[in-house]
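This report concerns only the one structure given below.
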Amino acid sequence: MRFLHLADVHLDTPSPGRTEVVRTRLRAASRDALHAAVDVALAEHVHAVVVAGDLFDGQRLSFDSERFLLAELARLGEAGIPVVYATGNHDAPELGSRAFELPWPDHVTVVARAEPVRRVVHDRDGTPVGAITAIGHASARETRDLSALLPDAPADGIPEVAVLHTQVRRAESAERHHAYAPSTLEGLLRRGYHAWALGHVHRRQILSAAPLVSYCGNPQGRTFNETGPRGVQIVDLAAPGAPRVTFHETARLRFETLPVDGLEDCRSLDALCREVAARWADRGAGALPGTEWLLRVELGGPCPLAAELAEPEDLRILEDELAGALGALEVEADGQPAARQRDDRVPGVEDRRRAARERQDPRLRLLGR
């Protein structure tokens, strides 16, 4: 069986603290990523698509996203590709989202309760090629180990896949997420499934190769904690046999951080921008045409402009200049470079400041004699 593993789309996520332009673009980017995921499913001729939770984000569901989602599901239906969707903590029914009032197509199985549902998947000629067992979150704060509620995988000769939104203890970056439906790798492996398609932790990782236990990550980054490529996984599963996992990038809007130090020679806004641009070019961002960037520049080390960089207005101007110079959707400058040493002054600046102070208070001239 070949299936596409998708999780944590978070349609209509609010992105607080960002400008309206960026919030609007991020909402669109989540839809763009889901559209790209469906493109992958169609191009790879998968037998099924599994969604391991958090398709939605709380109660939010705009008309735009509703119309979009149903159109994407229709594309899969027209190709004869079933979808199995298990809810997570962000799209649990108790949150009151009207998502569960949508006219879900017949080829979509929505599992929104803590009761396992098994669906057999067939090839184009009707031959069974595998089965998918999913369990969902009814509550937004599920503290039980839902994996323990799944039956052991049947030994009927076809690949068996389990779908679950869970925090597997000791998974990388698990500490960034609430411990909802907590589980252990050992507990998952005991159930006998050939593959576990997981959601909740947004970092793509394989916890076990065979049997396969994996997080696909999210298809679109949402914060600066989610840098790097984001996408979905195609899993080729045979029984017996080790699964083959292929990553497909779906995000065209990426978060990245750029540490920049060694700023001792930057004595003007122009020089600072040129230095940051050179570091960004060294990262090879130009090798990804068509990608939009949300960039956090982490400034550090000694810099003659430390005082200016401590001023919010100067920092905003720097961010605007960098966004234009780098072609980024938005740049966030972070960090506070150390002030220069007294013997590393910008020539003439301190003399001009002293003259200005003396004009305000002539008595300072006497103290300097």
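In our numbering, the protein residues as written are 477 to 845.
Glycine included, C-beta positions come from ideal geometry on N, C-alpha and C.
TODO: Mind checking who proline 569 pairs with in its DSSP beta bridge?
DONE: Proline 569 pairs with nothing; no bridge assigned.
TODO: For asparagine 701, I'd like the list of residues in its chain whose CB is within less than 7 Å of its CB, leaving aside the five on either flank, ordered along the chain.
DONE: Arg652
Task: Three or more C-beta pairs below 8 Å linking the region 554–571 and the region 627–645 - done: yes
- [ ] Tell me where the beta strand (DSSP E) around glycine 803 begins and ends.
- [x] Unbroken run through glycine 803: none, as it is neither H nor E.
Open item on the list: I need the DSSP call for proline 735, collapsed to helix, strand or coil.
Closed with: strand
Task: Rounded Cβ spacing between glutamate 725 and leucine 770 (contact assumed at less than 8 Å) - done: The pair is not a contact, with the Cβ atoms about 16 Å apart (cut-off 8 Å).
Open item on the list: Checking 9 Å against the spacing of the C-beta atoms, do alanine 674 and serine 690 come in under that value?
Closed with: Position check: residue 674 holds leucine in this sequence, whereas alanine was assumed. Against a cut-off of 9 Å, the Cβ pair of serine 690 and leucine 674 comes out as a contact.
Open item on the list: At 4 residues or longer, what runs of the alpha helix (DSSP H) sit wholly inside the region 509–548?
Closed with: none
- [ ] Just mark leucine 531 as buried or exposed, buried being the case when its beta carbon has 16 or more other beta carbons within 10 Å.
- [x] buried
Task: Nearest residue (CA-CA) to histidine 511, options Ser684, Ser491, Arg543 and His678 - done: Arg543
Task: Nearest to threonine 585 (by Cα), restricted to the options Ala614, Val527, Ala505 and Asn565 - done: Val527
- [ ] Figure out for me which residue from Thr489, His613, Pro579 and Asp601 has the closest Cα to the Cα of valine 593.
- [x] His613
- [ ] Could you work out which residue in Arg667, Pro705 and Phe539 is closest to alanine 631 when comparing CA atoms only?
- [x] Arg667
Open item on the list: Please report the straight-line C-alpha distance between proline 627 and threonine 609, rounded to a whole angstrom.
Closed with: 9 Å
Task: Opening and closing residue of the beta strand (DSSP E) in which valine 593 lies - done: 593–598
Task: For phenylalanine 723, the three-state DSSP class (helix, strand or coil) - done: strand
Task: Residue burial classification, phenylalanine 539 (beta-carbon count within 10 angstroms, cutoff 16) - done: exposed
Task: When Pro765, Arg679 and Ala786 are compared against phenylalanine 723, the one with the closest alpha-carbon - done: Arg679
Open item on the list: Please list the terminal residues of the continuous alpha helix (DSSP H) segment that includes leucine 487.
Closed with: It is not in any alpha helix (DSSP H) - leucine 487 carries neither H nor E in the DSSP assignment.
Open item on the list: For valine 822 and proline 780, I'd like the C-alpha separation in whole angstroms.
Closed with: Residue placement at valine 822 is flagged as unreliable, the pLDDT there being 45, under the threshold of 50; the coordinate-derived value follows with that caveat. Taking the straight line joining both Cα atoms gives about 7 Å.
Task: Residue ranges of each alpha helix (DSSP H) within the region 657–706, 4 or longer - done: 661–665
Open item on the list: Tell me which residue opens and which closes the alpha helix (DSSP H) that valine 848 is part of.
Closed with: For the chain, the structure presents residues 477 to 845; residue 848 sits outside this window and is missing.
- [ ] Determine the direct distance from the alpha carbon of glutamine 709 to that of phenylalanine 581, and round the result to whole angstroms.
- [x] Reading off the sequence, residue 581 comes out as proline, not phenylalanine. Spanning the two alpha carbons is a distance of roughly 23 Å.
Open item on the list: Rounding to the nearest angstrom, what Cα-Cα distance links aspartate 488 and threonine 495 in this structure?
Closed with: 15 Å
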